[in-house]
Amino acid sequence: MLSGELHGTVLVTGGNRGIGRAIALTLAKSGCNIIFTYNSGTKEATSAEEEILALGVKVKSYRVDLSSTSKLEDFTGKVKESRVRIFALVNNAGIYNGDVLNETNDEEWEKTIGLNLTAPFYLVRNLHSIIEDRGSVVNISSVYGFRADAWAHSYQASKAAIIHLTRSLAKELAPRIRVNCVAPGFIKTDMNREGWTNESFHNKIKKVTPMARWGEVEDIANAVKFLIDPENGFITGETLVVDGGIGL
Ligand SMILES: NC(=O)c1ccc[n+]([C@@H]2O[C@H](COP(=O)([O-])OP(=O)(O)OC[C@H]3O[C@@H](n4cnc5c(N)ncnc54)[C@H](OP(=O)(O)O)[C@@H]3O)[C@@H](O)[C@H]2O)c1
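Residue 233 in my numbering sits at position 198 of the sequence shown, with consecutive numbering throughout.
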């Protein structure tokens, strides 16, 4: 294996756009076959598939609402039936909900916790048996898993919980499978488009970020690649903060 090359199949949730797409492309460029999921962005899924295929690796996508337990079970059943072995599972799909206390209804709470926290747990529970020896799980948290705003309670709770879930899963699945996490800062994607397209907010974030810029999706993809690389096989249960120093 040449330096920088990886082997095997990686399953990325939310691989059609944003950070998940960059993870899928970065790992495809490194030699991995890709399975990715998406929820409703079919056009983006088709173009992601084309881009990945052009890199000379295999790709398969599944449309699945991961906030629905029954659809999730159905999805993991299909993956197992396909007899694929997975080198890494990247739990990336997520939604942001910025509601304050009195605006957070039960349904919204459950949806955010369901997609951001329950889905990664179910995916690991249902798929760890088909992860290869020396394989990995990488969860995507957020700097808001550590710091707190006075809103977005479901989002922040889900992102804090997944950091600890990473640690408990790492203990149970060691030494066969490593489980790590990446906590991004402000990254330019659709999730916070309103923020980075607003000049004053864009500049405000730049000003309070020691690295003096917003994050790019590749910043997160490179961190995921580092964590799943067997060369870094003594790292487990860790959360790598990739935020340009904003959380310092
Ligand atoms: N962007 C940031 O600044 C930032 C910072 C910290 C952490 N993060 C985390 O990074 C991860 C990726 O975020 P992003 O910025 O790339 O977000 P994004 O651009 O909004 O993309 C979200 C992804 O999640 C998928 N998704 C949404 N609802 C889903 C559902 N019900 N079932 C299955 N998949 C669903 C979307 O698929 P469709 O296109 O089909 O809807 C899409 O692929 C998230 O976990 C997020 O919390 C992001």
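Where is the CB? At the ideal position from N, CA and C, for every residue including glycine.
Query	Result
Residue burial classification, Phe221 (beta-carbon count within 10 angstroms, cutoff 16)	buried
Beta-carbon proximity of Ala218 to Val276, cut-off 7 Å	yes
C-alpha gap between Ile212 and Leu162, whole angstroms	12 Å
Buried or exposed (CB count within 10 angstroms, at least 16 for buried), Lys194	buried
Identity of the residue in Ala57, Asn127, Glu266 nearest Thr153 by Cα	Asn127
Arg182: CB within 6 Å of a non-hydrogen atom of ligand 1	no
Nearest residue (CA-CA) to Ala80, options Tyr179, Lys95, Glu253, Leu107	Lys95
Limits of the alpha helix (DSSP H) - the one that Arg160 falls within	154-162
Contiguous alpha helix (DSSP H) assignments of at least 4 residues, all confined to the segment 202-269	228-231, 234-243, 252-263
Start-to-end residues for the beta strand (DSSP E) that takes in Leu275	274-277
Touching by the beta-carbon criterion (3+ pairs, under 8 Å), the segment 182-200 and the segment 229-243	no
Among Gly268, Met246, Glu273, Lys146, nearest to Gly279 - alpha-carbon criterion	Met246
Residues bridged to Lys64 [DSSP beta-bridge criterion]	For Lys64, which the question treats as bridged, DSSP gives no partner whatsoever.
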